[in-house]
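The next block holds one structure in the form of structure tokens; read it before the comments.
Residue numbers (this note's numbering): 409 to 622.
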């Protein structure tokens, strides 16, 4: 009888270990998702800074005086750097989004196993609080993506045009598009700022430690 009880206790312990490991993994997984989101926020902030640098170098072309070829070279480099950063940010966004969605899906599945009505209601309330935060990210970054494409194309068009007409007449002809780029750039930065705030908000909500620093 004693041996059977001991064997049962051992079996119960062996079954409990995986369950405890699974329970412990959830907060760790949540923290990884939060940190991935903060990595995305860092990429967004880098792009916003580069947009500023690109616009400054673009508008410098319209200012009289100085070495025009040197200004043009600086502008071209900034456009190329912006494209590279955007590709990296896109990759980070896709990875962060995939990891976030997988975590939320797994969380929903696990919460469906809750039997206690009070805990179940609390879990559903928590999930409802996160959903609009996720939508806020999708909306703001979707808007930034829609603005970014035409914005970069305009920057590249200017780069090609001015390469063949880098003189006062060429600058004057390009001025309307330069002005348009400035407007597009400000909208893009506003969208990125909203996206950054939404990303940090979700990261803080998911993270067990309330992480908010990228």
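Ideal Cβ placement from N, Cα and C applies to all residues, glycine included. Remember, predicted model here, so these are calculated numbers, not experimental data.
Would you identify the three-state DSSP class for residue 522, choosing helix, strand or coil? The answer is coil: DSSP assigns residue 522 none of H, G, I, E or B.
Would you report the Cα separation of residue 582 and residue 487, rounded to the nearest angstrom? 16 Å
Which same chain residues, not among the five before or five after residue 549, have their C-beta less than 6 Å away from its C-beta? 603
For the region 518–536 against the region 440–449, are there 3 or more C-beta pairs whose distance is under 8 Å? The region 518–536 is not in contact with the region 440–449.
Given a cut-off of 8 Å, decide if residue 442 and residue 611 are closer than it, judged by their beta-carbon atoms. yes
Given residue 497, which residues of its chain have a CB within under 8 Å of its CB, disregarding the five upstream and five downstream residues? 448, 451, 452, 454, 455
Residue 491: which of 556, 464, 512, 436 sits nearest, CA to CA? 556
Roughly how far, in whole angstroms, is the beta-carbon of residue 554 from the beta-carbon of residue 588, given that I think they are within contact range, below 8 Å? 16 Å between Cβ atoms; not a contact.
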